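Novice:
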Amino acid sequence: MGRPTESNQDSLTVRDNRTGKTYTIPIVDNAVPATAFKEIKAPRKPDEREENETEKGLRVQDKGFLNTAVIRSEITYIDGEAGVLRYRGYPIEQLALHSSHLESAYLLIYGSLPTREQHLHFETEVMRHGNMHVDSEEFFRSFRYDAHPMSMLTSAFAMLGSFYSEANPSLQGQKLYTNGDKESLATMDRQIYRLIGKATTLAAMAYRVRQGREFVTPPVGLSYTGSFLYQMDHLGEEDYKPNPVLEKALDVLFLIHADHELNASCTTVLQTGSSLVDPYSAIAAGCASLYGPLHGGANEAVIRMLVSIGSPENVPAFIEAVKRREKTLSGFGHRVYKTSDPRSFIVRKTADEVFKVTGRDALLETAMALHDAAMKDEYFIKRKLAPNVDFWSGLIYRAMGFPMDFFPVLFAVPRVVGWLAHWRQMMLQDGGVKIWRPRQVYVGAGKREYVPIEKRGPVQGLKETPSAVEHGGITKRTMLASFKGKSRL
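Plus 5 on top of the position in the sequence shown (first one is 1) and you've got our numbering.
(1) Which class does V446 belong to by DSSP, given the choice of helix, strand or coil?
(2) For K246 and L258, I'd like the C-alpha separation in whole angstroms.
(3) Compare the C-beta of R442 against all C-beta atoms of chain B and say whether one is closer than 8 Å.
(4) For the alpha helix (DSSP H) containing R215, name the first residue and the last one.
(5) If you follow the beta strand (DSSP E) that L90 is in, where does it begin and where does it stop?
(6) Is S294 closer than 8 Å to A263 when the C-beta atoms are compared?
(7) Alpha carbon to alpha carbon, what distance is there between A473 and A486?
(8) Measure the beta-carbon distance from G25 to E44 and round it to whole angstroms, keeping in mind my assumption that it falls under 8 Å.
(9) Between D21 and the rest of its own chain, which residues show a CB-CB distance below 6 Å, the 5 nearest in sequence each way excluded?
(10) Based on the DSSP output, what are the partners of T81 in its beta bridges?
(11) For L165, collect the residues of the same chain with a Cβ closer than 6 Å to its Cβ; drop the 5 residues on either side in sequence, then sort them by chain order.
(12) Name, in chain order, the residues that DSSP records as bridge partners for L17.
(13) Could you check if H106 belongs to the surroundings of the ligand SAH, using beta carbon to heavy atom distance under 7 Å?
(14) Give the DSSP bridge partners of A36, in chain order.
(15) Measuring CB to CB, does Q276 end up less than 8 Å from W441?
(16) What are the start and end residues of the alpha helix (DSSP H) that includes H124?
(17) How many angstroms separate the CA atom of Y198 from the CA atom of F350?
(18) Pick helix, strand or coil for P413, following the three-state DSSP scheme.
(19) Would you list the one or two residues that DSSP bridges to P392?
(20) Tell me the rounded alpha-carbon separation between A163 and M137.
(21) So, with DSSP's three-state summary, where would you put L368?
(22) So, does the region 370-382 touch the region 314-322, judging by three or more C-beta pairs under 8 Å?
(23) So which of D151, V362 and F70 has the shortest CA-CA distance to A254?
(24) Pair every Cβ in the region 388-396 with every Cβ in the region 46-58, then say whether three or more of these pairs are closer than 8 Å.
(25) Please list, in chain order, all residues of the same chain as V37 whose beta carbon is under 6 Å from its beta carbon, the five residues on each side excluded.
(26) Buried or exposed for P347, going by 16 or more other Cβ atoms inside 10 Å?
(27) Ordered along the chain, which non-local residues of its own chain (more than five positions away) have a Cβ less than 7 Å from that of L227?
(28) If contacts are defined as beta-carbon pairs under 8 Å, then A303 and W428 qualify, I think. What distance do you get, rounded to the angstrom?
(29) Please look up how many angstroms separate the CB atoms of L125 and A211, rounded, as I've assumed it's under 8 Å.
(30) Please look up how many angstroms separate the CB atoms of A426 and I114, rounded, as I've assumed it's under 8 Å.
(31) Give the range of the alpha helix (DSSP H) segment to which H246 is assigned.
(32) On the DSSP letters alone, give me the boundaries of the alpha helix (DSSP H) that H106 sits inside.
(33) Check whether the region 402-421 and the region 203-221 are in contact - that is, three or more C-beta pairs closer than 8 Å.
(34) Classify G88 as buried or exposed, calling it buried when 16 or more other Cβ atoms lie within 10 Å of its own Cβ.
(35) Starting from S349, trace the alpha helix (DSSP H) both ways and give me its first and last residue.
(36) Taking the C-alpha atoms as reference points, what is the distance between I401 and L390?
Here is the structure:
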């Protein structure tokens with residue numbers, strides 16, 4: 006790019022009105038390379054800021070990654086306008102009906118549905134790697150009694166990296182996962198088995214430490230979700246087996262939550278992983294991202310919203326408060342889906358099966374009233390605010406007896422699969438891994454000369470000055486005391 010080229014239908018012709026030059030940018034898979042715009046340069050105007058770097062080429066500005074593709078992927082396809090979600094080409098509805106979480110995990114990571122032998126090998130390795138080192142018990146016991154389970158899970162994933170030095174490219178060489186040879190792939194797969202296998206164990210440990218219970222060794226002979234429920238709930242009963250309906254429901258929920266393309270947490274994993282850090286640290290970073298209320302905490306927000314509404318008769322008033330922007334509507338709409346979330350229909354059906362054995366949740370009537378009212382209201386129809394997967398999943402988790410602050414953990418455990426699938430794809434991509442280093446548009450001050458402290462004037466403004474913090478207890482008493490070295494401002 007840089008000069009006019011032959012006419013090509015699969016290209017974009019750009020004319021820079023500043024210079025009159027015309028550029029041809031190739032279009033591949035309906036995408037244009039952002040780096041091509043660096044060739045579009047112009048002389049800096051006399052009154053223009055040098056920080057604009059106009060003579061160094063155009064930058065592509067996209068706040069919040071609204072329309073920026075950062076990687077070529079073969080894993081998950083989403084059509085938000087049509088409400089389509091496919092894992093490696095397979096519709097999520099078919100997988101939820103016929104597949105299992107671990108089978109779909111194999112599909113996401115390795116690209117195809119496994120044979121019976123391949124599935125058995127993968128499942129055996131994952132389940133075999135569920136056991137934890139005994140030192141991890143002391144790690145979990147070190148948390149406060151009321152620590153949030155997502156804080157514990159995030160820390161635990163990072164802690165795992167300290168147990169496996171052979172998994173760290175900083176110690177074993179930068180090409181540990183990017184070589185693509187038999188030894189490199191085996192090392193990569195071993196970490197995948199460990200992370201998927203230990204995800205349920207770590208989550209169960211976070212759950213039980215909050216309950217003041219001893220930890221449970223992963224059982225033999227149960228399914229992935231059956232083992233998870235066993236580790237959370239077993240108290241020494243003989244031949245203990247989780248309820249099969251709850252076990253199946255959790256498996257379906259795990260399957261549909263396993264991946265969702267480049268969401269915030271997956272992007273965090275890839276951003277972190279691009280530095281070639283060990284996969285445990287990358288997964289911990291993704292877990293931290295998922296912790297946020299705009300991401301993994303959404304289903305918890307739905308329950309809190311329903312509790313605040315109280316009963317079906319209060320729904321109309323709540324709807325009007327939402328329209329006046331006085332209340333926040335949780336569980337409706339999606340950053341990607343502009344129609345119904347395809348996962349929401351699967352979860353709704355699963356909810357019916359769960360309620361048959363647990364009984365109807367007290368909030369279900371309120372949820373149904375809110376659902377029906379919103380789907381008939383022109384305000385929500387016009388804004389395409391249909392129920393998403395979070396609207397029903399929180400009700401299922403609540404009916405199954407999970408505390409609300411454990412809901413994000415139930416999101417993070419299956420999402421480990423998707424994170425690993427994208428991490429593995431990036432490690433093995435053509436051309437190797439390049440560290441992700443986004444550009445910025447600098448709009449701050451130009452060059453300034455240093456001013457000695459005695460000549461500086463105060464800068465006023467709420468955002469420009471540090472906040473005053475009110476202290477109490479021992480800090481307050483210490484500040485009132487006198488001692489050698491005390492600051493005298």
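Positions of the beta carbon are idealized from the N, C-alpha and C atoms, including for glycine. For clarity, every value in this text was computed on a predicted model and none was experimentally measured.
Specialist: Reading it off the structure:
(1) Translated into the one-based positions of the sequence shown, residue 446 becomes position 441. Reduced to three states, the DSSP call for V446 is coil.
(2) One-based indexing of the sequence shown puts residue 246 at position 241. One-based indexing of the sequence shown puts residue 258 at position 253. Whole-angstrom Cα-Cα distance: 19 Å.
(3) Annotation note: the requested chain B is absent from the structure, which comprises a single protein chain.
(4) For the purposes of this step, residue 215 is taken as residue 210 along the sequence shown, with counting starting at 1. K187 to Q216 is the extent of the alpha helix (DSSP H) around R215.
(5) As a working mapping, residue 90 is identified with position 85 in the sequence shown. Unbroken beta strand (DSSP E) run through L90: V89 to Y92.
(6) Here residue 263 refers to the residue found at position 258 of the sequence shown. Here residue 294 refers to the residue found at position 289 of the sequence shown. Contact flag unset, no.
(7) Here residue 486 is taken as the residue at index 481 of the sequence shown, counted from 1. Here residue 473 is taken as the residue at index 468 of the sequence shown, counted from 1. Each residue's alpha carbon lies about 20 Å from the other.
(8) Start at 1 with the first residue of the sequence shown, and residue 25 comes out as number 20. Start at 1 with the first residue of the sequence shown, and residue 44 comes out as number 39. In fact, because the Cβ distance is near 15 Å, the residues do not count as touching under 8 Å.
(9) Numbered from its first residue, the sequence shown carries residue 21 at position 16. Excluding sequence neighbours, D21 sits near I45.
(10) The sequence position of residue 81 within the sequence shown is 76, counting from 1. For T81, which the question treats as bridged, DSSP gives the partners Y92.
(11) Locating residue 165 in the sequence shown gives position 160, where the first residue counts as 1. Contacts found: Y285.
(12) Here residue 17 corresponds to residue number 12 of the sequence shown, with the count starting at 1. I30.
(13) By its list of ligands, the structure shown contains no ligand whatsoever, and the ligand SAH lies outside what it can speak to.
(14) As a first step, residue 36 is located in the sequence shown; it is residue number 31 there, counting from the start. According to DSSP, which records beta bridges pairwise, A36 is partnered with V33.
(15) Start at 1 with the first residue of the sequence shown, and residue 276 comes out as number 271. Start at 1 with the first residue of the sequence shown, and residue 441 comes out as number 436. It is a contact, given that the beta carbons lie within the stated cut-off.
(16) As a first step, residue 124 must be located in the sequence shown, where it is residue number 119. Residues R121 to R133.
(17) By one-based count along the sequence shown, residue 198 stands at place 193. By one-based count along the sequence shown, residue 350 stands at place 345. C-alpha separation (whole angstroms): 31 Å.
(18) Working through the sequence shown from its first residue, we reach residue 413 at position 408. Here P413 sits in helix by DSSP.
(19) Here residue 392 corresponds to residue number 387 of the sequence shown, with the count starting at 1. According to DSSP, P392 bridges with F337.
(20) Against the sequence shown, residue 163 aligns to sequence position 158. Against the sequence shown, residue 137 aligns to sequence position 132. Roughly 14 Å between the two C-alpha positions.
(21) Taking the first residue of the sequence shown as position 1, residue 368 is located at position 363. Correct three-state label for L368: coil.
(22) yes
(23) Looking up residue 254 in the sequence shown gives position 249. Taking only the C-alpha atoms, the option nearest A254 is V362.
(24) no
(25) By one-based count along the sequence shown, residue 37 stands at place 32. Taken in chain order, the residues that qualify are L17 and I30.
(26) In the sequence shown, counting from the first residue as 1, residue 347 sits at position 342. Buried.
(27) Counting from 1 along the sequence shown, the entry for residue 227 is found at position 222. Closer than 7 Å at the Cβ level, and outside the excluded window around L227, lie Y235.
(28) Taking the first residue of the sequence shown as position 1, residue 303 is located at position 298. Taking the first residue of the sequence shown as position 1, residue 428 is located at position 423. Actually they are not in contact, since the Cβ atoms of A303 and W428 sit about 24 Å apart, beyond 8 Å.
(29) Here residue 125 refers to the residue found at position 120 when the sequence shown is read from its first residue. Here residue 211 refers to the residue found at position 206 when the sequence shown is read from its first residue. Actually they do not touch by this definition, with Cβ atoms about 30 Å apart.
(30) Taking the first residue of the sequence shown as 1, we reach residue 426 at position 421. Taking the first residue of the sequence shown as 1, we reach residue 114 at position 109. With a Cβ gap of about 5 Å, A426 and I114 count as contacting.
(31) Here residue 246 corresponds to residue number 241 of the sequence shown, with the count starting at 1. One point to set straight first is that residue 246 is Lys, not His, in the sequence displayed. Note, K246: premise wrong, no alpha helix (DSSP H); not H, not E.
(32) Looking up residue 106 in the sequence shown gives position 101. Residues H106 to Y115.
(33) yes
(34) Residue numbering aside, residue 88 sits at position 83 when the sequence shown is read from its first letter. Label assigned to G88: buried.
(35) Position 344 of the sequence shown, counting from 1, holds the residue named residue 349. It spans P347 to T363 - the alpha helix (DSSP H) in which S349 sits, taken as one unbroken run.
(36) Taking the first residue of the sequence shown as 1, we reach residue 401 at position 396. Taking the first residue of the sequence shown as 1, we reach residue 390 at position 385. Using only the alpha carbons, I get a separation of about 21 Å.
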